[in-house]
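Residue numbers (my numbering): 1 to 459.
Every residue, glycine too, gets a C-beta built ideally from N, C-alpha and C.
Next up, the structure:
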């Protein structure tokens, strides 16, 4: 028995949950319907209570009017109360009791138990009314006969069936009107809420479309009511974040492609060379070593760029000797023999991991080798605030009009100059350097060629 009761309550809750509206429009319409139903219930009860009170008051008035008419036929000016005979006595005597003091002078025929009710009503004297269910639903009122030397009282009775029928008709009419009003309220609420929520659906569809294509369109420029304006502001903020995430995703994809191109080219070149002619065991081992080094370089590139994208370990503690790292970068990039690499003073130690230093210097050195005419110089030295690395070439330099866009992703001074590149290396180098509390700057005063200065904390 207990298990059945416990099972019934969750089933009822599940049924109510299934019957609950699934949309905001349905919820609001249901709330409006319940509110209107409660209001109409209160109004219907109050209206019918007032109507019943009014009908009872009308019945009492009729009873007192009949009693006054009967009292006019009673002579109580003498010690003995006398009933005067008049025409149409049978109409006046219907449901009428006449008392002289407590003595019953006249009563309706076959009154039976109803006379006891009339006796109890006339005994105290004065004007009083009661309702009884003896012989039907009846209303009885007592009416003292005014003036005279003897006390006389008239009690009249009235069948309340017509009044109750009128009250029932009013109740049914009010309930029918309530049903019509509730149906209209629900229909009009759904219509009004649907029209009010139409801009929300439109904004939702637009936001979905704009987020899919990373559009720059926003809701801020469109006039809306205050509530929709706040919704538009929230959607604009979400669209901005989505656009930023998509831009970062494209940037990460482009940077990975840019950085992985060099070691991948080395792997392809070594494999092509190894397959085109027979190789000795030593040559095969050397090829394996080159491929392994390139694969390790690709792993380091992926780890470094993914850490940067996650805002992770770029600022983690780490140190590296500058000169061996620069030599390894030059070897991996296979730069021309006209590269000059110098360091000043004792061995320099930078306060960044070696993988990060490689990723900062590689784009600068690769660009210098692309555009240099006769030589590239890399100089590392100690500075008051850390370590500096200058990458200098004697190429055509950077056009002054383009200097302001030099570190913007995807920007190139002359895309048709015959040199490869996607305009991602310099922005990546600067971003990685700044993540390590350093900087990459372009020196516009250096002539001829171009000079980039890397500033890093000392180790």
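{"Asked": "Should residue 402 be labelled buried (16 or more other beta-carbon atoms within 10 Å of its own) or exposed?", "Found": "exposed"}
{"Asked": "Which residue marks the beginning of the beta strand (DSSP E) containing residue 143, and which one marks its end?", "Found": "138-144"}
{"Asked": "Starting from residue 325 and walking both ways along the alpha helix (DSSP H), at which residues does that stretch end?", "Found": "322-333"}
{"Asked": "Below 8 Å on the Cβ atoms is my guess for residue 450 versus residue 397; work out the distance and round it to an integer in Å.", "Found": "5 Å"}
{"Asked": "What are the start and end residues of each continuous beta strand (DSSP E) run of 3 or more residues lying completely inside the stretch 40-106, in chain order?", "Found": "96-100, 103-106"}
{"Asked": "Within 10 angstroms of the Cβ of residue 238, are there 16 or more other Cβ atoms? Answer buried if so, exposed if not.", "Found": "exposed"}
{"Asked": "Would you report the Cα separation of residue 372 and residue 201, rounded to the nearest angstrom?", "Found": "58 Å"}
{"Asked": "Assign residue 50 to one of two classes, buried (16 or more other C-beta atoms within 10 Å of its C-beta) or exposed (fewer than that).", "Found": "exposed"}
{"Asked": "Assuming residue 356 contacts residue 436 (C-beta within less than 8 Å), just tell me the rounded distance between them.", "Found": "6 Å"}
{"Asked": "Please report the distance separating the alpha-carbon of residue 325 from that of residue 381.", "Found": "14 Å"}
{"Asked": "Straight-line CA distance for residue 117 to residue 177?", "Found": "40 Å"}
{"Asked": "With DSSP collapsed to three states, give me the class of residue 458.", "Found": "strand"}
{"Asked": "To the nearest angstrom, report how far apart residue 76 and residue 61 are at their CA atoms.", "Found": "24 Å"}
{"Asked": "Unbroken beta strand (DSSP E) runs of length 3 or more, entirely within the stretch 428-456: which are they?", "Found": "439-442, 450-456"}
{"Asked": "Have a look at residue 351 and residue 271 and give me their C-alpha separation to the nearest angstrom.", "Found": "37 Å"}
{"Asked": "Please name the residue, chosen from 48, 152, 27, 127, that lies closest to residue 79 on a Cα-to-Cα basis.", "Found": "152"}
{"Asked": "Would you call residue 230 buried or exposed, if buried means 16 or more other Cβ atoms sit within 10 Å of its Cβ?", "Found": "exposed"}
{"Asked": "Per DSSP, which one or two residues make a beta bridge with residue 389?", "Found": "380, 454"}
{"Asked": "Using DSSP with H/G/I as helix, E/B as strand and the rest coil, what is residue 155?", "Found": "strand"}
{"Asked": "To the nearest angstrom, how far is the alpha carbon of residue 347 from that of residue 341?", "Found": "14 Å"}
{"Asked": "If you measure from the beta carbon of residue 378 to each beta carbon in chain C, is any gap under 8 Å?", "Found": "Although the question refers to chain C, the structure presented lacks it and comprises just one protein chain."}
{"Asked": "Just to confirm my understanding: we take residue 362, look at its own chain, exclude 5 residues before and 5 after, and list those with CB closer than 7 Å. What are they?", "Found": "329, 333"}
{"Asked": "Going by other Cβ atoms of all chains shown within 10 Å of its Cβ, with 16 needed for buried, is residue 273 buried or exposed?", "Found": "exposed"}
{"Asked": "Give every residue of the same chain whose Cβ lies closer than 7 Å to the Cβ of residue 179, excluding the five residues on either side of it in the sequence, and list them in chain order.", "Found": "none"}
{"Asked": "Tell me where the beta strand (DSSP E) around residue 339 begins and ends.", "Found": "339-343"}
{"Asked": "Which residues does DSSP pair with residue 131 in a beta bridge?", "Found": "139"}
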